[in-house]
Amino acid sequence: MPDGLSIDYDHPLNGTMAAYVQQVLACTGQGDWTSRIEDDGMDQSWGELVRGLKRLMGRGGRYADPFNNVLVSNSSFSAFSAPKTGVSTAAAFLFPSFKYFPSIPVDILESPRTGTNLSTFVQAFLLPNKLSAMAESLPDSRKTELTRKPDLASEFPDAVDIQKSPVILICGHGGRDMRCGVMAPILENEFQQALRRKGFTSAGSDNNVIDSPEHAHVGLISHVGGHKYAGNVIVYIPPGMLLEDSSALHPLAGRGIWYGRVEPKHVQGIVEETIIGGRVSLVRLQLNSSKALFALGRRGCRLRSSPWHVVSRFATTQSPAPNKKLDLLAIDKKWQAIWHSDGAKKPWNTAGRKDAGKGRPKIYILSMFPYPSGTLHMGHLRVYSISDVLARFYRMRGYDVLHPMGFDAFGLPAENAAIERGIDPAEWTKGNMARMKEQLRGISTSFDWDRELATCTPEFYEHTQRIFLMLYKKGLAYQAEALVNYDPVDKTVLANEQVDSNGFSWRSGAKVEQLMLKQWFFRITAFKEDLLNDLSSLNGGWPNRVLSMQRNWLGKSTGAKIKFPVAIEGNAHARANLDVFTTRPDTLYGVEYLAISLNHPIVQMSVAKDAALREFLDRAVSLPPDSKAGYRLTNVSASHPLQIVDRECPHITRELPVFVAPYVLGDYGEGAVMGVPGHDSRDLAFYKDNVNPEYIPIVISPERSTETGGACSDSVAAASNAKAFTQEGYLTSRCGKYHGLHSRKAGEQIVKDLQRVSHGDFVEQWRLRDWLISRQRYWGAPIPIIHCGSCGPVPVPDHQLPVELPKIGGDWLKGKKGNPLESSDEWVHTKCPNCGGPAKRDTDTMDTFVDSSWYFLRYLDPANTEQPFSPSSARPVDVYIGGVEHAILHLLYARFIYKFLSQSELFPDLSRTGHLAMPSEPFKTLLSQGMVHGKTYSEPSTGRFLLPSEVDLSSPDKPVIKGTQVTPNVSFEKMSKSKHNGVDPMSCALKYGADATRAHVLFSAPVSEVLEWDETKIVGIERWFGRLWKLVQDAQQELVLSAYVLDPARLLAPSGHADPLPEDLQGLSDGDADAVLSTHRAIASVTDCIETNPYGLNTVISDLIKLTNSLVSSTPPSPQVLYLCISSLLRLLAPVAPALASECWESLHNSVKRRQTDGGTDAGAYAPVIFDCAWPAPLLSPQQADVLSARGGQTVAVQINGKLRFTATIPRRLSPTTVAEAGGKPGTVTDEQDWIVTRILETDEGRIWLRGKNDWEKRRRVIVVQGGKLVNVVF
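Each residue of the sequence shown is one higher than the last, beginning at 1 in UniProt numbering.
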């Protein structure tokens, strides 16, 4: 037996081999293949045969039938006769039909009946004679297509029946797993020698005889069984084989026997007892472990008409329950019903835990609440999966977790539905919320629904109005004139999103006008310094890009205000000053024009006398903000202020043109900018379009000019190829007395000189503007102000709150024009709270951003009827999760309101005294997840987005547009109706299960990055879950068989380990030590990721898959360690896949014996549900981890240019999380690949193969996979 091979001698083989009906063995003439056999033999007919069969019978194939599983394998047998000429054919064996086909056509024709082809072979031999009862619902034509056609067998007259020669097949798939690659050649040689001693020769040695009692077929085949059970051997006894020296039929005739864990010492026994004697006996085969099993093949004795029958384990005292099939949908249904039942509303209740109580640390985890559109989208699924993982994790860690949910329920969609369909927006919203609540439960979320809120309920917006009045009383809510989008037909103000790109109303189609109307504002600018300065306290808690976006939106800039003298013809005030803000006063000598906003006072004065200007303004409303369009004011000109302080330079003496330009913002700075085309890219583009200059003046250069003298020489560039130099530099000779100064020094000096003549000053400028909250629509929180002719605006008294929206009928809003509330006379007309005289309510409603600016505080005290929340409950959110699209306005407004409220009586006294260690910020940590993009198909020639129904996806890798052979463009785009790429997350949850859908979303991309949704890849998660499920089922059986005893009460301990490791770790077997190490590292890695780097949740899934695979491939032999590792894995899985983890946990504990208080045991251990148990603590100290890591050795299979050449045993590496390698700097971890390769080169085999037979220095690539289990060196 070769040393160093990791063979599983502990697992029972029962159920480890998938049932199949027939096995096709392609004759390849080679002894190894690539990992996926269909990727091999690209230029060989046998490769075409394999690919063709998988295409025809695999998933989605023409003859795909889940109840007719045909195993397609490669074999090392060569073809025993020459193929037909002129036709591409391949040779193959077929079992248990015991046939050999020397020439199977490998071509596939469109019509299965068009000549003899591979489809003919499939129909003649591989399809079932009778379909499964499950196929009764299929159309008759489909049933006929899937049923065998025996008459087609005549198309293969050269087929040979194998009646007498036994066939021995050995898994030798080294390209897939080195264990079989090492074992197979040894076993093949042993079988050939043992058979020769019994008088057998190799069948087909004379190229003709392939069936004779004196011959046997011994060959290697591709993957069969499990590589961890190597060697895997299948023995086929032909139906006509007789016993030795007898006319009696062989007892195993027509059957197949699968042996696992076969070693060279077992071969003689298999030949004598099974092939010669017709018996299967563990004793005579020297299988000295009761765990080494075999399988006896009998045609038709298993489900799916399989030829395989697996014999159960010998010498057991108790029969474990048979493995249950994994049904994710049924598991979802079961556990969601339990969680939502009256007796278990809170699956996260930790009342039974030993660490439960008032002393538990608190954590507030919140995901941004949704608008109740009625349907969840993939973005919702992503954000709520993330928050649910965090909430479940911290509950298991012993925290008192607040994880609430509600609905951002005011807004345009509900009002639009009312206007268009004549329905009550309240009823429309209520129905949508109910549907979305069920959908949220359907993806297994653990929200605290006792705290549910909806911003459209009077109970909530009463407090929104209360906060408005608090701001009003502090002078932070006020009315002022503002430029708004006005629809002259519907007589209403429109939000920017209600105006199309051409400037027309989406409602009436009318040309939108911009009017100055009285609007309500919140004075957010009063908090601008705190909003900017406190961002530094969020470093490390918020993403840098979000902090940058916040800073940019606040837009603090230090610069200068410059006064340009302006002359206005035909005006009584012919001389005026135009104030311009600039951050680059050093470029003043390069000013070539001034530009002012559309609503600048100079424009308003000029428009009455300039019809062309009026026409331009009408057109400019629909122009984009970055438009280069401009209108030159013929009656206005400006002069350069530097003329006053520099009378020597001739370049600043001419008049400057003044343009009206859409790119100038009326509410930023003074609504005017200076145009410096030589040093601003936008100014350059505008100047070229509107002036068409010959040259562009350059006043800043990257290097200091060497010119001397007082004259101002020209420094210009041709306009045709000019590029703006936007960096700081040195002033050129065009800059008069400032020539040669650096930009910073020159700018400072220029402003000081203009300051002395009252034409300049140093100023600060902010991009931030006060928050306009007025909305002229019905479905929003009414503004609690009453307008009295005598008293003016009067706040609604607290005892009259809430000011409720008027109740409306289903068709009240249908077809309404203007502000709907203005037409509700009974609601509008009221009495003044001050004088009692007639008055009117304010008919504006608040921006929905007002609701979302404080809702997170309401969750803390949702039943409070007197206040938005009580001071004792006030606190920030610890972890806030939401999309990056909310990175500016929502977060900025929430920060503003939180800072205001923290200075009010609603917060504890300590907050108002300013003695807090940290600034008042609402969200300590922000997880800003990326968008979800969907697969999008478009027509290549037109770019038109295609409906899914327009694309033929029968071959997913090669889609074509239906009715054509054109391949569409395939891309991943933001999901939208217009691109036809939206995906309903609930359909995925109902198809694959909520747990698989959640895990796929988390695994597909890091949290901050765009997730490209590809439903076809969920199969990877399904396979992982299948392996995990089987691992748990097998572990449960192992624990039953070993009479393992458990004290479940210890599961409630803070460590969570009911059965800790023994103190003497050196006494652990290698298998136990490997499992403990793998589990320990997974616990440490998963815990660290969720706690310190939640943006890497995709690596949590990777760690869990890795641990599952490790335990499957090398299951610990000790029941104590087995239980410890499996129970830890399930608790690590629980936040990600709560239903599956709960089911596995219950299954694991159902049959385990329970230790009684009197020392006895009970059958059927009670165990608390998994979410009542603690999160697993690391199993080892760093020192213990290093001790276990260093013991024994690690076997590495080494390939050279893809071919297995040798195996080497190297020392195990120390834990990468603890101690540095010898010779390295403290805390430094040597690169894993370099470390493994260095150890291999130190072995004798490494020196021979890598330095002796090959030149190590000429290596091209070294590939290390599976943590060093396999190394491939490419020369």
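Glycine included, every Cβ here is placed at the ideal spot set by N, Cα and C.
- The C-beta of Arg1239 has 16 or more other C-beta atoms within 10 Å across all chains shown, which makes the residue buried.
- Residue range Ala477 to Asp487 is occupied by the beta strand (DSSP E) that includes Val484.
- For Glu1091, the enclosing alpha helix (DSSP H) starts and ends at Asp1070 to Thr1092.
- Using a C-beta cut-off of 8 Å, the segment 262-275 makes contact with the segment 190-198, since at least three inter-stretch Cβ pairs fall below that distance.
- The residues Pro96, Phe98, Ile237, Pro238, Pro239 and Arg299, in chain order, have a CB closer than 8 Å to that of Gly254 in the same chain once the five nearest residues on each side in sequence are set aside.
- The closest CA to that of Phe923, considering only Glu950, Tyr893 and Asp952, is found on Tyr893.
- Burial state of Tyr937 is buried, judged by a 10 Å Cβ sphere holding 16 or more other Cβ atoms.
- For Ala1137 and Ile331, the gap between their C-alpha atoms comes out near 11 Å.
- As a beta-bridge residue in DSSP terms, Cys788 pairs with Gly792 and Ala839.
- One alpha carbon belongs to Phe407, the other to Trp854, and they sit about 13 Å apart.
- With a cutoff of 8 Å on beta-carbon distance, Met42 and Lys164 are scored as not near each other.
- Using a 10 angstroms sphere on the CB of Tyr992, the tally of other CB atoms reaches 16 or more, which defines it as buried.
- In this structure, the CA atom of Cys27 is about 7 Å from the CA atom of Asn74.
- Within the segment 980-1007, the complete alpha helix (DSSP H) runs of at least 4 residues fall at 985-992 and 994-1003.
- Take the alpha-carbon of Arg632 and the one of Asp761: they are about 28 Å apart.
- Take Thr843, set aside five residues on each side of it, and the residues of its chain with a beta-carbon closer than 7 Å to its own are Asn819, Leu821, Glu822 and Val828, in chain order.
- Restricted to the segment 509-568, the alpha helix (DSSP H) segments that are unbroken, complete and at least 4 residues in length are 528-533 and 544-554, listed in chain order.
- Per DSSP, the beta-bridge partners of Leu1270 are Ala1197 and Val1265.
- Restricting attention to alpha helix (DSSP H) runs no shorter than 4 residues, the segment 899-966 encloses them at 909-913, ordered along the chain.
- Residue pairing of Arg775 in beta bridges, as defined by DSSP: Thr845.
- Trp766 carries a coil assignment under DSSP once its states are collapsed to helix, strand and coil.
- Annotation for Phe191: Ile168, Val218 and Val267 place their beta carbon closer than 6 Å to its own, counting only its chain and skipping 5 residues before and after.
- Nearest Cα to Met368 within the set Asn1254, Ile881, Ala1139 and Pro1211: Ile881.
- Spatial neighbours of Pro693 in its own chain (CB-CB distance under 6 Å, excluding positions within 5 residues in sequence) are listed in chain order as Ala719.
- Secondary structure note for Gly379: its alpha helix (DSSP H) is the uninterrupted segment Met378 to Met396.
- For Met674, there is no enclosing alpha helix (DSSP H); the enclosing beta strand (DSSP E) has its first and last residue at Ala672 to Gly675.
- The C-alpha of Lys563 lies about 29 Å from the C-alpha of Leu532.
- Straight-line spacing of the CA atoms in Ile897 and Glu670 works out to 28 Å.
- With a cutoff of 8 Å on beta-carbon distance, Gly1071 and Ser1114 are scored as near each other.
- Every candidate beta strand (DSSP E) stretch fails here, since none sits fully inside the segment 1228-1258 while reaching 3 residues.
- Looking at the DSSP output, Asp448 bridges to Pro404.
- Following the DSSP letters along the chain, one finds Leu613 inside the alpha helix (DSSP H) bounded by residues Ala611 to Ala620.
- For Ser872, the closest alpha carbon among the candidates Asp984, Glu905 and Lys840 is that of Glu905.
- Linking Val1076 to Ser954 through their CA atoms gives a straight-line distance of about 46 Å.
- Ala999 is the residue among Ala999, His1080 and Thr1087 whose C-alpha sits nearest the C-alpha of Tyr384.
- From the listed residues Leu588, Val591, Pro1094 and Thr147, the smallest Cα separation to Ser119 is found for Thr147.
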